[in-house]
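For this note's numbering, add 195 to where a residue sits in the sequence shown, where the first one is 1. Cβ atoms here follow ideal geometry from the backbone N, Cα and C, with glycine treated the same way.
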Amino acid sequence: MKTDHIVALISRIREQANNLLVTELAKRGHAGLAPSHGAILHTLAERGPMPMSALAEAIGKQKNTVTTLVGKLEQAGYVFKTPSREDSRVTLVSLSPKAVAAGPDFAAISQILLSAVWADMPQAERETLVLGLEKILRNISGKSPD
196 MKTDHIVALI SRIREQANNL LVTELAKRGH AGLAPSHGAI LHTLAERGPM PMSALAEAIG
256 KQKNTVTTLV GKLEQAGYVF KTPSREDSRV TLVSLSPKAV AAGPDFAAIS QILLSAVWAD
316 MPQAERETLV LGLEKILRNI SGKSPD
């Protein structure tokens, strides 16, 4: 089996996953959201309000990238920023009521994506694939996956 097209294959999978996400978000009235917003919304839903720097670290993105993404989410009404009470230099990012209300939509979309990804793949193959992808990530980044 030929294996040297792995990066192109991963790229095509990501493109198809993003297309599915954008379509499902639009169907549910969240047309302003992009797949790149998902990690931020998910992390805030799980952990609560966070400083911008901690959010960037939690999702594995550069702070300036997260600042841009959070700005777009704020404009769309899904998050809000407030100064920290402990340190005025720190900005906290929180989910808005709109984002909290959209939680069931986001969960349903995640389930649709996972169902499409795994479809007819047995659990053992899923685990082997995930282990292999985690190893690729370590190899290419020099870091352990989160």
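How is the beta strand (DSSP E) around residue i delimited, first residue to last?
i: L287; result: T286 to L290
i: K267; result: Segment K258 to Q270 is the alpha helix (DSSP H) holding K267; no beta strand (DSSP E) there.
i: P278; result: V274 to P278
Would residue i count as contacting chain C if we go by Cβ distances under 9 Å?
i: I335; result: The structure shown contains no chain C; it is built from a single protein chain.
If I'm right that residue i touches residue j with Cβ under 8 Å, what's the distance once you round it to whole angstroms?
i: Y273; j: A294; result: 4 Å
i: A249; j: K258; result: Wrong, their Cβ atoms sit about 10 Å apart, outside the cutoff.
i: P246; j: S279; result: 7 Å
Sort out for me which residues DSSP pairs residue i with in a bridge.
i: M245; result: V288
What are the boundary residues of the alpha helix (DSSP H) that residue i is part of?
i: K197; result: Premise fails: K197 is in no alpha helix (DSSP H) and is neither H nor E.
i: K330; result: Q318 to S336
Taking C-alpha atoms, which residue in the options lies nearest to residue i?
i: V202; options: G337, L250 and I331; result: I331
i: P292; options: R207, R280, L268 and L215; result: L268
i: I235; options: P317, T323 and F301; result: F301
i: A297; options: A314, L220 and S206; result: L220
i: A303; options: S231, K222, P244 and V288; result: K222
i: V288; options: I335, H225 and R242; result: R242
i: K276; options: Q306, P244, S305 and P299; result: P244
So, is residue i buried or exposed, given that buried needs 16 or more other C-beta atoms within 10 angstroms?
i: H200; result: exposed
i: V325; result: exposed
i: L309; result: exposed
i: L216; result: buried
i: L264; result: buried
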